[in-house]
């Protein structure tokens, strides 16, 4: 069951959802908007390899904006600390940015119970697009879990900076042919 905007507000007030800083003007009918933090990170190498650590360059977003280019995956972060030990967060982009060719949370839109932090945003654009620090870029909805609840104990659940992949986190996903056979 998805929480409505008013239920999200009440859960924030009761301390069941962390959304900090919270502004009631950011509430939608069944989600709440989040904003882009002041930095982006981009890979400096030519090939992304999940077996090795990423080499990242940090971009400080100027107040007058920064133009994102197609063909690059940018890692940003939410300004807000977002999460819950009771509800499952799901982060997606806003349709207004989608109409400009901006994809947010390319593959990792589902948060985990117990993860409370500034979320890394996976940002890809299909045309040059100017973004600004503090702009409303996406929205998060909260879902009530059904069944036994297990806390998240993974690598990414507590990071509050734009974070690349971790070779340890994907090690089990990358196998050599002799292991697969």
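In this note's numbering, the protein residues as written are 72 to 252.
All C-beta atoms, glycine included, are put in the ideal place defined by N, C-alpha and C.
These numbers were taken from a predicted model, which means no experiment stands behind them.
Exposed or buried, residue 143, counting other C-beta atoms within 10 Å across all chains shown (16 or more means buried)? Sixteen is the threshold: since fewer than 16 other Cβ atoms of the shown chains lie within 10 Å of the Cβ of residue 143, the residue is exposed.
On the DSSP letters alone, give me the boundaries of the alpha helix (DSSP H) that residue 85 sits inside. Taken as a continuous stretch (DSSP letters only), the alpha helix (DSSP H) holding residue 85 covers 76 to 85.
In the DSSP assignment, find the unbroken beta strand (DSSP E) run with residue 212 in it and report its ends. Judged by DSSP secondary structure, residue 212 falls within the beta strand (DSSP E) whose first and last residues are 207 to 214.
Simplified DSSP assignment, three categories, for residue 179: In the three-state reduction of the DSSP assignment, residue 179 falls in the coil class.
Distance, Cα to Cα, residue 141 vs residue 125? Computed Cα separation, rounded: 20 angstroms.
Is the CB-CB distance between residue 108 and residue 148 below 8 angstroms? Going by C-beta atoms, residue 108 is nearer than 8 angstroms to residue 148.
Cβ shell of residue 106 (< 6 angstroms), same chain only, five flanking positions each side left out: Closer than 6 angstroms at the Cβ level, and outside the excluded window around residue 106, lie 150, 205, 207.
Opposite residue 148 in the DSSP bridges: which residues? Partner residues in the beta bridge of residue 148, as assigned by DSSP, are 191.
Min CB distance residue 187 to chain B below 8 angstroms: Absence of chain B from the displayed structure is noted, only one protein chain being present.
Run through the DSSP bridge pairs and tell me what residue 161 is partnered with. Beta-bridge pairing links residue 161 to 181, 212.
Taking the CB atoms as reference points, tell me whether residue 104 and residue 76 lie closer together than 8 angstroms. No, these two residues do not count as a Cβ contact at 8 angstroms.
Compare the C-alpha of residue 139 against each of 166, 222, 195 and name the closest. Here the closest residue by C-alpha is 195.
Determine the burial state of residue 85: buried for a count of at least 16 other Cβ atoms within 10 Å of its Cβ, exposed for fewer. Its Cβ having fewer than 16 others within 10 Å, residue 85 is exposed.
Count the CB pairs spanning the segment 115 to 131 and the segment 157 to 165 that are closer than 8 angstroms, and state whether there are at least three. Between the segment 115 to 131 and the segment 157 to 165, the count of C-beta pairs closer than 8 angstroms stays below three; the two stretches do not touch.
Return the chain-ordered list of same chain residues with a C-beta closer than 7 angstroms to the C-beta of residue 131, the five sequence neighbours on each side being excluded. So the qualifying residues of the chain are 109, 110.
Provide the residue span of the alpha helix (DSSP H) that contains residue 168, from first to last. Per DSSP, residue 168 belongs to the alpha helix (DSSP H) from 166 to 169.
Report the three-state DSSP secondary structure of residue 135 (helix, strand or coil). DSSP places residue 135 in coil when its eight states are reduced to three.
As assigned by DSSP and simplified to three states, the class of residue 91: In this structure, residue 91 counts as strand in the three-state DSSP scheme.
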